[in-house]
Amino acid sequence: MSRADGQDVRIPILYEDNHLLGIVKPVNVPTQEDASGDADLVSLLKEDIKIRYNKPGNVFVGLVHRLDRPVGGAMVFAKTSKAASRLSETVRSRKFRKVYAAVVHGKLPAPTGSLKDFLLKDAKTNTVSVVKPGTTGAKEALLDYEVIAETDRYSLVKVELHTGRSHQIRVQMSHAGCPLYGDQKYGNGVNKPGQQIALWSVIVGVPHPVTKEEIVLASLPPAEHPWNLWPEATLNALTDKES
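Residue numbers for the sequence shown, in our numbering: 1315 to 1557.
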């Protein structure tokens, strides 16, 4: 695939049938069209389906969940409006499983734990902050985490989201004293400009919109810094329980 800037974009396919398309989102590609005007994932997937299946006219690709632009990893899209509607309902009913890997600065207070905060988004600055319960417009944010490995400076953490708030993992980890590696927005005091944020969608699990079979998509982060601070076997632990 090619972007508007002429660079090729490789989008690996994890799963595909007549109803679903599971892929690995490349980093720094917007999920949907935004003010940047850069080629977005939905448009790229539509063009790819048109070419692969020689489809004339419009192609349906339904967006049911999002990843921030700098974040890569597993995503699932609907290929029909019925599948989109049913997948959106799994999101609303919290049956849509989302598990991430993150490299954070420092060490969390326990090997496993849960974080519960109330988040408020400022649309003007596109930033999110932790606020007191009961604050007007605030939404509850819940996640569970497991520390997979540590170095003297960083922790490799597996995070399961129970809510899908904007910038949720980034904000909650920063509030807990462990901002994500490379996160300029919520960890600019410990990160350097140009660093790639270390957040990756490792598992997406959904009931198939037609067969109801549990579909599990898994994707490991690239063998690049800071992920390669740990051996391949350690990174495999992020998804090996799902196979």
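Every residue, glycine too, gets a C-beta built ideally from N, C-alpha and C.
For this session: Taking the CB atoms as reference points, tell me whether residue 1477 and residue 1460 lie closer together than 9 Å.
Result: Contact annotation: residue 1477 and residue 1460 have beta-carbon atoms that are not nearer than 9 Å.
Exercise. Just reading off the beta strand (DSSP E) that residue 1362 is part of, what are its end residues?
Worked result: First-last for residue 1362: 1355 to 1367, but that is the alpha helix (DSSP H), not the beta strand (DSSP E).
Problem set entry | Nearest-angstrom beta carbon gap, residue 1500 and residue 1484 [assumed within contact, 8 Å] | With a beta-carbon spacing of about 5 Å, residue 1484 and residue 1500 fall inside the 8 Å limit used to define contacts.
For this session: Could you tell me the boundaries of the alpha helix (DSSP H) in which residue 1396 lies?
Result: Per DSSP, residue 1396 belongs to the alpha helix (DSSP H) from 1395 to 1406.
Problem set entry | Within the region 1502 to 1538, ranges of the beta strand (DSSP E) (whole runs, at least 3 residues) | Every unbroken stretch of the beta strand (DSSP E) spanning 3 or more residues and falling wholly within the region 1502 to 1538 is given here in chain order: 1513 to 1521, 1528 to 1532.
Problem set entry | Distance CB(residue 1517)-CB(residue 1384) smaller than 9 Å | Using a Cβ distance threshold of 9 Å, residue 1517 and residue 1384 do not count as a contacting pair.
For this session: Compute the distance between the beta-carbons of residue 1508 and residue 1468, then report whether it is under 9 Å.
Result: No.
Problem set entry | Residue from 1474, 1429, 1325 whose Cα sits closest to the Cα of residue 1408 | Here the closest residue by C-alpha is 1474.
For this session: Taking only runs that begin and end inside the region 1423 to 1451, name each unbroken alpha helix (DSSP H) of 4 or more residues, in chain order.
Result: Runs of the alpha helix (DSSP H) lying entirely within the region 1423 to 1451 and spanning at least 4 residues: none are present.
Problem set entry | Burial state of residue 1450, where buried means 16 or more other Cβ atoms lie within 10 Å | Looking at its Cβ environment, which holds fewer than 16 other Cβ atoms inside 10 Å, residue 1450 is exposed.
For this session: Measure the Cβ-Cβ separation of residue 1393 and residue 1335 and say whether it is below 9 Å.
Result: Against a cut-off of 9 Å, the Cβ pair of residue 1335 and residue 1393 comes out as a contact.
Problem set entry | residue 1349 classed as buried or exposed, judged by whether at least 16 other C-beta atoms fall within 10 angstroms | Residue 1349 is exposed by the Cβ-count criterion.
Problem set entry | Three-state secondary structure (DSSP) of residue 1319 | Here residue 1319 scores only 43 on pLDDT, less than 50, and its place in the model is too uncertain to base an answer on.
Exercise. By DSSP, does residue 1489 sit in helix, in strand, or in coil?
Worked result: Helix at residue 1489.
Problem set entry | Sub-9 Å separation of residue 1494 and residue 1417 beta-carbons | For residue 1494 and residue 1417, yes; Cβs fall inside 9 Å.
Problem set entry | Under 9 Å between C-beta atoms of residue 1535 and residue 1387 | With respect to the 9 Å criterion, residue 1535 and residue 1387 are classified as neighbours on the basis of their beta carbons.
Problem set entry | Alpha-carbon to alpha-carbon, residue 1515 and residue 1412 | Their Cα atoms are separated by approximately 7 Å.
Problem set entry | Integer Cβ distance of residue 1325 from residue 1341, believed to fall under 8 Å | By a beta-carbon distance limit of 8 Å, residue 1325 does not contact residue 1341. Their separation comes to about 12 Å.
Problem set entry | Alpha carbon of residue 1552 to alpha carbon of residue 1374, nearest angstrom | Pairing residue 1552 with residue 1374, the inter-Cα distance amounts to about 32 Å.
For this session: Spatial neighbours of residue 1351 within its chain, please: CB distance less than 6 Å, with the 5 preceding and 5 following residues excluded, ordered by chain position.
Result: Scanning its chain for C-beta atoms nearer than 6 Å, with the 5 sequence neighbours on each side dropped, one finds no residue around residue 1351.
Problem set entry | residue 1376 versus residue 1398: straight-line alpha-carbon distance, rounded | A direct Cα-to-Cα measurement between residue 1376 and residue 1398 gives close to 6 Å.
Exercise. Just curious, the beta strand (DSSP E) that residue 1455 is in, first and last residue?
Worked result: Per DSSP, residue 1455 belongs to the beta strand (DSSP E) from 1453 to 1464.
Problem set entry | For residue 1322, the nearest candidate out of 1329, 1358, 1522, 1333 (CA to CA) | For the residues 1329, 1358, 1522, 1333, the minimum Cα distance to residue 1322 belongs to 1358.
Exercise. How would you label residue 1427, buried or exposed, when you count the other beta carbons within 10 angstroms and need 16 or more for buried?
Worked result: Under this definition residue 1427 is an exposed residue.
For this session: Return the residue from the list 1504, 1481, 1402 that minimises the CA-CA distance to residue 1435.
Result: Comparing Cα positions, the closest option is 1481.
For this session: Report yes if the C-beta distance between residue 1379 and residue 1524 is below 9 Å; otherwise report no.
Result: For residue 1379 and residue 1524, no; Cβs fall outside 9 Å.
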